[in-house]
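Colleague:
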Amino acid sequence: MMGVFRQFTTFGWPSRMLMINQFGINLGFYMLMPYLAGYLAGPLGLAAWVIGLVLGVRNFSQQGMFIVGGTLADRFGYKPLIVAGCLLRTVGFALLVYAHTLPLLVIASAATGFAGALFNPAVRAYLAADSESRRLEAFALFNVFYQAGILAGPLAGLALMALDFRTTATAAAAVFAVLTIAQLFMLPQHASGRAASTAKTAVIDDWRAVVSNRSFVCFAAAMIGSYVLNFQVYLALPLHAAAIAPQRSSSVVAAVFVVSAVVAVGGQLRLTRWFAQRWGNGRALVIGMTILAAAFVPLVAVPNAGRFGTTGAIVALLCSAALLAVGSAAVFPFEMDTVVSLAGGRLVATHYGFYNTIVGVGILVGNLATGSLLQAARGAGADELLWGGLVVVGLIAALAIYLLDRRGHLSVAQQPMEAAQR
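Quick note: the sequence shown uses our numbering, first residue 1, plus one each step.
1. So, for residue 404: in the same chain, excluding its five sequence neighbours on each side, which residues have a beta-carbon less than 8 Å away from its beta-carbon?
2. Find out if the Cβ-Cβ distance for the pair residue 67, residue 353 is shorter than 8 Å.
3. Quick check: residue 295 and residue 260, are their CB atoms within less than 8 Å of each other?
4. How far does the alpha helix (DSSP H) with residue 214 in it extend, from its first residue to its last?
5. Would you call the CB atoms of residue 347 and residue 211 closer than 8 Å?
6. Buried or exposed, going by whether 16 or more other CB atoms sit within 10 Å of the CB of residue 5?
7. Find out if the Cβ-Cβ distance for the pair residue 337, residue 27 is shorter than 8 Å.
8. For residue 383, does the three-state DSSP call read helix, strand or coil?
9. Check the C-beta distance from residue 327 over to residue 288 and give it rounded, since I have them as a contact under 8 Å.
10. My assumption, with CB atoms under 8 Å, is that residue 73 sits in contact with residue 121. Please give the rounded CB distance.
11. Near residue 41, which residues of its chain fall below 7 Å by C-beta distance, leaving aside the five closest residues on each side in sequence?
12. Could you tell me the boundaries of the alpha helix (DSSP H) in which residue 183 lies?
13. Is residue 304 helix, strand or coil when you go by DSSP?
14. If you reduce the DSSP assignment to three classes, tell me which class residue 20 lands in.
15. Quick check on residue 101: does DSSP put it in helix, strand or coil?
16. Could you give the residue range of the alpha helix (DSSP H) that holds residue 240?
17. Which residue comes first and which comes last in the alpha helix (DSSP H) that contains residue 208?
18. Below 7 Å CB to CB, which residues in the same chain sit around residue 87 once its five sequence neighbours on both sides are set aside?
19. Considering only their Cβ atoms, is the gap separating residue 14 from residue 140 smaller than 8 Å?
20. Using the beta-carbon count (16 or more within 10 Å), is residue 163 buried or exposed?
21. Return the CA-CA distance between residue 89 and residue 380, expressed in angstroms with no decimal places.
22. With residue 138 and residue 11 assumed to form a contact (beta carbons below 8 Å), what rounded beta-carbon distance in angstroms separates them?
23. Using DSSP with H/G/I as helix, E/B as strand and the rest coil, what is residue 5?
24. Pop quiz: residue 37 and residue 55 are said to be a contact at Cβ under 8 Å. What is the actual Cβ separation, rounded to whole angstroms?
25. Cα-Cα, which of 253, 247, 306 is closest to residue 239?
26. Expressed to the nearest angstrom, what Euclidean distance is found between the alpha-carbon atoms of residue 265 and residue 255?
27. Do residue 229 and residue 324 come within 8 Å of each other at the CB atom, strictly closer than that value?
28. Within the same chain, show all residues whose beta-carbon is closer than 7 Å to that of residue 390, passing over the 5 residues directly before and after it, in chain order.
29. Return the chain-ordered list of same chain residues with a C-beta closer than 6 Å to the C-beta of residue 147, the five sequence neighbours on each side being excluded.
30. Report the rounded CA-to-CA distance for residue 187 versus residue 126, giving the unit in angstroms.
31. Could you give the distance in angstroms between the alpha-carbon of residue 57 and the alpha-carbon of residue 47?
32. If you run the structure through DSSP and keep just helix, strand and coil, what is residue 124?
33. Run the CB neighbour count on residue 151, radius 10 Å, all protein chains shown included, and call it buried at 16 or more, exposed below.
34. If you draw a straight line from the C-alpha of residue 30 to the C-alpha of residue 408, how long is it?
35. Do residue 63 and residue 360 count as a contact pair if the criterion is CB distance below 8 Å?
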């Protein structure tokens, strides 16, 4: 951790603020969201379809609106969108303290989702611009703070839920209120490429320029596989935990998240440095994606508790979670750096917005397919079919990235890791 701190201090104030901000964002978000469904079903006694609607609205208002958030960031600057997003999420979480009716719950969920669409592209574009030649290092360190927030959030939420949900929602809103004030007064303004340019074009022209960037669109499509595999930490792995250890599924799921976060926080900088010293972005992404595919091999070998007992099944599950974390840590910095490079330094936030929307649609389709395959595999008594299918998804994505790199679509300059940070 001392190495993380030393590297953190070598960055400028804006980059450090953005990293701390991301830790706070994930702390506040994961403090509340893992417990929202239980609150809606328990104390509020809502029907399953209503809970699905509320959660679906939150997801759509974020994933579907990333394009809007990225476009606004390029037009009005990164800082205003970061502040607006934190403020809107403060309002959304505060509404959840008092919301008891469906309209208010939908409004609160939409607000929290759209808030993410506002600040996510802006944060990444600002970090890329501020870190300049050290983009790869910056995104690696950014992911350490990102994962640390995911680790701390549910633990803080669990402690607060011992009181009640309203206390937890109030605390989460307070976290975002502090972030709003901090970003407003302490984060310097940074001109986006749009603000620095005298050229003015219509929004539709900006979007057309992004969509016509063939290399970028192909890269985003190829990276869908990465997001589908990573999302199984929230979908297939928890469901598998409930199947293999129904009496202690909560503890097993908590262990999955702890293992994932600890591996990412402890290994991110070393992995990025090791990959960067040996390969360019394209090859690093191919290898990282292959690791993500391999993450499900332990579950192919031990698909249920019937083969090596409950303990063996849990060990296989935790091995898969650890490998997923390694693969994700290997991929993330090079992925973010490649998006900036393919944008050519122009409309960077808009490119991030489109990128997140494309992979968001892919996650939706992938989750529907995963859920259907999971049900079919269990019905056929062949649980390994699901995990084998996910391995195939990862290998196809790795092949797609390899072909893009071989054909020169990912030919971007490698950002060297500073020797002083070794």
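For every residue, glycine included, the Cβ atom is placed at its ideal position computed from N, Cα and C.
Modeller: Straight from the coordinates:
1. 215, 218, 219, 222, 282, 410
2. yes
3. no
4. 214 to 222
5. no
6. exposed
7. no
8. coil
9. 5 Å
10. 6 Å
11. 51
12. 165 to 186
13. coil
14. helix
15. coil
16. 236 to 244
17. 203 to 211
18. 180
19. no
20. exposed
21. 44 Å
22. 7 Å
23. helix
24. 7 Å
25. 253
26. 15 Å
27. yes
28. 229, 232, 296
29. 261, 264, 265
30. 11 Å
31. 16 Å
32. helix
33. buried
34. 39 Å
35. yes
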